[in-house]
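Chains as they are written, first to last, in full-length UniProt numbering: chain G, 1 to 207; chain P, 1 to 207.
All residues carry an ideal CB built from backbone N, CA and C; glycine is no exception.
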DNA sequence: AAACTTAATGAACAGTGTTCAGTAATCCAA
DNA sequence: TTGGATTACTGAACACTGTTCATTAAGTTT
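Here's what the structure looks like:
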C-alpha cells in the first residue's frame, strides 16, 4: 500500500521535525525552557499534536538523549586516534569532559537529569536503558585492550569502566552544577585543576 | 525593647517551623513533591505567608541545603575515627557514598540539583557558596595530613580534594540517577562494583 | 456523493512559583 | 480606653507547566 507507506513517512517526518526543534531549543535556551508548549510553537503546531507522536515528554527526551549519545559517540571515534590503548583512553576522557563543559544542557540530559529515566528507576527489568550503549562499549573496548596489554592496573573490566567514568563524570557534573564554588577559585583555576586531576588520575591507573 | 526581641524570636520560630516541615517533606516524599503549597498546607498557613520569611523557593532550599551539609558534617566527625589520615580518608569516603545512597533526596539538594545555586551560576562574586565549607575543610584537613606524612601521591591539596570528591560524587550521582543501568548488572552487583571501585581508588592514591 | 478514518486542535484540568490588594490582628501613644 | 499606625496574614490572581479529550477538519474508501 503506497498510501500507508506515505503515511508512515509523514509520521517519521513529523517526529524528525519535533526532534529537530527540540534539539535546537535545548542547545539555544536550555533544558528548563524547552517546554512542550514552546516546541509546539516553534514548529507551528498545537501542543496536543506532539502527544500524537510521543506518549509523553519523557519519551521525547529519551529520543533526544539518544541523539545526544550519538553526538558523543561520533566525538569519541573522531578523537580516539592514538595507537596505544592508554593514549586512546586519555583522548576519550578529555573528549568526554570537553563535551560536558561545552554542551552542558546535552550533558544534563545524558547523565544528570532524572527525566528520561523515570521508567527505569524501579528496575522492572522489562526494558533496559540502551541509549548509552554505543559510548559505553567504546570505552569497554579500549579498557579491554589496556588490560590485555597489561597497561592498566585494573583486573575487572567493569570496575575499570566505572572508575574512569565516575571520575570524569564527577568532574563535569560538579562543575556544571557550580559545586566547585566551594573551592573559592577563579574559573581559570578550576578548569586548570580539572585538567590536572585527569592527568593525575590517568597516571595512577597505569601500571 | 522586649517586644522587638519577642518578634525576632517569633520570626525565627516561624522559619524553624517552615524548615522542619520542608525537611520532613523532603525525606518523606522527595524533592519533586516538596512544593511551596504542600509545605504551607503542612504547617497550616497560606502559601503567601512563606514568602514573608523567604524571598523565594531557592532561598528556602539554600537553608535546607545548609542543614543537609550539617548532617553530613556530623556523619564525617562520627565516622572519621581512624588514626592514620589514609584510614580517615577511607572512612569519610565511604561515609559520603553511604550518605548519598541512603538519602538520595538530600544528596540531590547538596550536589546535583540546580536550584539553590542559581544566583551563583553567573559568578558575580558578591557572595560565594559557603554551605559546603564545613565538609570540604574537613576533607582538606585530612588531605593535608596525608601529604605532610607523605602518604598521599598528590602534591596539590586542592587537586587531591577534587580528585577524591569527583570520584565519590561520580559514583553516587551516576547511581542515584540510574545511569549505571548501562552496565546491565543487578542491583547487588552494582553496589559491589561501587565498593570495589572505591577500594581500588584508595589504593591508587597511596604512595 | 456518502461513509468512514485519521490528523489536528481549543479548551480544560491539575499542578507549579510568585505577587499583591485587602483584611485582621496587634501595638503604641494620646 | 480609644483611635490610629504597624504588622501578619491570606484569597485571588497571573503566568507558567504537562497532559487529556471532545470536537472539528481533512483525507480516504466505498
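Interface residues of chain P around residue 193 (chain G) at Cβ under 7 Å?
-> 158, 159 and 162
What are the residues that DSSP puts in a beta bridge with residue 152 (chain P)?
-> The partner list for residue 152 (chain P) (beta bridge, DSSP) reads P:206.
Hey, does residue 40 (chain P) have any beta-carbon neighbour from chain G nearer than 8 Å?
-> no
Interface positions of the region 27–60 of chain G facing chain P (Cβ-Cβ less than 7 Å), listed along the chain | none
Work out the CA separation of residue 57 (chain P) and residue 1 (chain P) for me, nearest whole Å.
-> Residue placement at residue 1 (chain P) is poorly supported in this model, since its pLDDT is 44, which falls under 50; the coordinates still yield a value, given next. So the two alpha carbons sit approximately 32 Å from each other.
What span of residues does the alpha helix (DSSP H) with residue 49 (chain P) cover, start to end?
-> 47–50
Pick helix, strand or coil for residue 108 (chain P), following the three-state DSSP scheme.
-> helix
Pair within 8 Å by beta-carbon distance, residue 177 (chain P) and residue 9 (chain G) = no
Consult DSSP for residue 79 (chain G) and reduce its assignment to one of helix, strand or coil.
-> Three-state result, residue 79 (chain G): helix.
For residue 34 (chain G), does the three-state DSSP call read helix, strand or coil?
-> coil
Give the DSSP-derived three-state secondary structure of residue 53 (chain P) in the structure shown.
-> coil
What separation, rounded to the nearest whole angstrom, lies between the Cα atoms of residue 159 (chain G) and residue 185 (chain P)?
-> 12 Å
Measure the Cβ-Cβ separation of residue 167 (chain P) and residue 167 (chain G) and say whether it is below 8 Å.
-> yes
For the alpha helix (DSSP H) containing residue 167 (chain G), list its first residue and its last residue.
-> 157–176
Alpha carbon to alpha carbon, how far is residue 69 (chain G) from residue 95 (chain G)?
-> 13 Å
Proximity test, Cβ basis, 8 Å: residue 134 (chain P) and chain G = no
Are residue 25 (chain P) and residue 63 (chain P) touching if we call contact CB-CB under 8 Å?
-> no
Under the three-state reduction of DSSP, which class applies to residue 115 (chain G): helix, strand or coil?
-> helix
Would you kindly check if the distance between the Cβ of residue 135 (chain P) and the Cβ of residue 99 (chain P) is under 8 Å?
-> no
Expressed to the nearest angstrom, what Euclidean distance is found between the alpha-carbon atoms of residue 87 (chain G) and residue 143 (chain G)?
-> 11 Å
Who are the Cβ neighbours of residue 197 (chain G) in its own chain at under 7 Å, not counting the five residues just before and after it?
-> Only residues of its own chain outside the window of five on either side were considered, and among them 171 have a CB closer than 7 Å to the CB of residue 197 (chain G), listed in chain order.
Contact set for residue 17 (chain P): own chain, Cβ-Cβ below 7 Å, skip 5 residues either direction = Within its own chain, the residues whose Cβ lies closer than 7 Å to the Cβ of residue 17 (chain P), once the five positions on either side in sequence are excluded, are 43, listed in chain order.
Shorter than 8 Å from the beta carbon of residue 182 (chain P) to some beta carbon of chain G?
-> True, the Cβ-Cβ gap to chain G drops below 8 Å.
What does residue 201 (chain G) reach in chain P if we use C-beta pairs closer than 8 Å?
-> For residue 201 (chain G), the residues of chain P that pass the 8 Å Cβ criterion are 163, in the order they occur in the chain.
Leaving out five residues before and five after residue 60 (chain G) in sequence, what residues of the same chain have Cβ atoms less than 6 Å from its Cβ?
-> 54
For residue 188 (chain G), which option in G:169, G:175 and G:89 has the closest C-alpha, if you only look at C-alpha atoms?
-> Distances from the alpha-carbon of residue 188 (chain G) to those of G:169, G:175 and G:89 put G:175 closest.
For residue 161 (chain P), count neighbouring C-beta atoms within 10 Å of its own C-beta (all shown protein chains included) and say buried if the count is 16 or more, exposed if not.
-> buried
Cutoff 8 Å; reference residue 73 (chain G); Cβ partners in own chain excluding five residues on either side | The beta carbon of residue 73 (chain G) sits closer than 8 Å to the beta carbons of 134, 135 and 138 from its chain, once the five residues preceding and following it are set aside; these are given in chain order.
Could you tell me which of G:37, G:36, G:78 and G:200 sits nearest to residue 154 (chain P), measuring between CA atoms?
-> Among G:37, G:36, G:78 and G:200, the Cα nearest to that of residue 154 (chain P) is on G:200.
Could you tell me which chain P residues have their CB closer than 9 Å to the CB of residue 117 (chain G), listed as they occur along the chain?
-> What residue 117 (chain G) touches in chain P: 177, 178, 179 and 181.
Residue 97 (chain G) burial status per 10 Å Cβ neighbour count (16 or more: buried) = buried
Between residue 149 (chain P) and the rest of its own chain, which residues show a CB-CB distance below 7 Å, the 5 nearest in sequence each way excluded?
-> Correct list, in chain order: 85.
Chain P residues whose Cβ lies nearer than 8 Å to that of residue 197 (chain G) = 159, 162, 163 and 166, listed in chain order.
Residue 191 (chain G) to residue 11 (chain P) span [Cα, whole Å] = 42 Å
Do the CB positions of residue 120 (chain G) and residue 129 (chain G) come within less than 8 Å of each other?
-> For residue 120 (chain G) and residue 129 (chain G), yes; Cβs fall inside 8 Å.
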